[in-house]
Amino acid sequence: MSEFDGVRFLHLDSIWVQGAMRVKKPEKLELEYVQRMMAWMLWRDTREMTQGQAVQLGLGAGALTRFCRKQLKMKTTAVEINPTVISANRHWFHLPDDDDRLRVLNEDAGQWVADAANWGTAQVLNVDLYDHEAAAPVLDDEAFYADCRHVLADGGLMTVNLFGRSASFARSAARIAKVFGTDQVWHLTPTREGNTIVVAARGVEVPTREVLEQRADHIEARHDLPARKWLKLVRPLPMNVIQQLHAASAAAASGE
Numbered sequence: 001m002s003e004f005d006g007v008r009f010l011h012l013d014s015i016w017v018q019g020a021m022r023v024k025k026p027e028k029l030e031l032e033y034v035q036r037m038m039a040w041m042l043w044r045d046t047r048e049m050t051q052g053q054a055v056q057l058g059l060g061a062g063a064l065t066r067f068c069r070k071q072l073k074m075k076t077t078a079v080e081i082n083p084t085v086i087s088a089n090r091h092w093f094h095l096p097d098d099d100d101r102l103r104v105l106n107e108d109a110g111q112w113v114a115d116a117a118n119w120g121t122a123q124v125l126n127v128d129l130y131d132h133e134a135a136a137p138v139l140d141d142e143a144f145y146a147d148c149r150h151v152l153a154d155g156g157l158m159t160v161n162l163f164g165r166s167a168s169f170a171r172s173a174a175r176i177a178k179v180f181g182t183d184q185v186w187h188l189t190p191t192r193e194g195n196t197i198v199v200a201a202r203g204v205e206v207p208t209r210e211v212l213e214q215r216a217d218h219i220e221a222r223h224d225l226p227a228r229k230w231l232k233l234v235r236p237l238p239m240n241v242i243q244q245l246h247a248a249s250a251a252a253a254s255g256e
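Under UniProt numbering, the first residue of the sequence shown is numbered 1, with each subsequent residue one higher.
Written as structure tokens, this is what we have:
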């Protein structure tokens, strides 16, 4: 851990920041990319926005878990493979003990989403799975994203943290699009640090611009998140992702 200017940072045995918390405002989402992980709210009906279960794969510094449980008052489950990260969250990042609205599981995220007992149980799934090297997602193949889609209930939404300026972004986004469908996947333009959030939906009717703007206003007023800015940053899948998707489909069809 490190601390600077009132913000406490989590590191996994490296210089890379794996999460952050403003000490005097532990429920506030401090990092910009973590705020953007909440962009799924734009695709949910305002009346149902905070209903159901939110699941985080990868606990980090617990920011999303604390926010979903405390601010949104959602039933919240976090799946984290590293017991030291869970312990650090309990001692240093204001993560409360488990209760009727919170479960923190020391389990492998890949195995958890593959367990059919968890399918159809989440309205929201936040995926942020990086190791201490922070080079690429630890779980990033089609089978994993297919299991993630299974975990979502109908109308559910997933956000994934990817590095948008990395050559791996198009490959990862294409895998997500192959599983969810190109009409159910969007991305936000990269942050200054290069984090690109991908949003994927399971059977969501795309809202009109007017509805999206109304939801953005509601999110800003109710939850103090920069949703109007998100709306300006939302894009369909870039052409290089579509091209990778078509190339992969053609290769599969030809038996390569």
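Note that the Cβ used here is the ideal one computed from N, Cα and C, for glycine as well. Computed from a prediction, not measured in an experiment: that's the story for all the values here.
Check	Outcome
So for A173, helix, strand or coil by DSSP?	helix
Round the Cβ separation of E80 and G58 to the nearest angstrom and send it over; I've been treating them as touching at under 8 Å.	7 Å
Please go through the region 101 to 172 and give each complete beta strand (DSSP E) segment of 3 or more residues, from N-terminal end onward.	102 to 105, 122 to 127, 152 to 163
Using a Cβ-Cβ cutoff of less than 7 Å, which residues in the same chain neighbour S249 once the five nearest sequence positions on both sides are dropped?	none
Hey, out of Y130, V151, L29, whose CA is closest to T77's CA?	V151
Please report the residue range of the alpha helix (DSSP H) in which N89 lies.	83 to 92
Classify L233 as helix, strand or coil using the three-state DSSP reduction.	helix
Mapping DSSP to helix, strand and coil, what is T46?	helix
Exposed or buried, which one is A39 when buried takes at least 16 other CB atoms within 10 Å?	buried
Assuming E30 and A54 are in contact, meaning their beta carbons sit under 8 Å apart, how far apart are those beta carbons, in whole angstroms?	The Cβ separation is near 19 Å, so there is no contact.
At the level of alpha carbons, what is the spacing between E107 and D147?	16 Å
Buried or exposed: S87, going by 16 or more other Cβ atoms within 10 Å of its Cβ?	exposed
Just to confirm the assignment, what range does the alpha helix (DSSP H) spanning T65 have?	63 to 66
Is it buried or exposed for residue 315, if we count other Cβ within 10 angstroms and need 16 for buried?	Missing from the structure shown is residue 315; the chain here goes from 1 to 256 and no further.
Applying the 10 Å Cβ sphere with the 16-neighbour rule, what's the burial state of L208?	The amino acid at residue 208 is misidentified as Leu; the sequence shows Thr. Under this definition T208 is an exposed residue.
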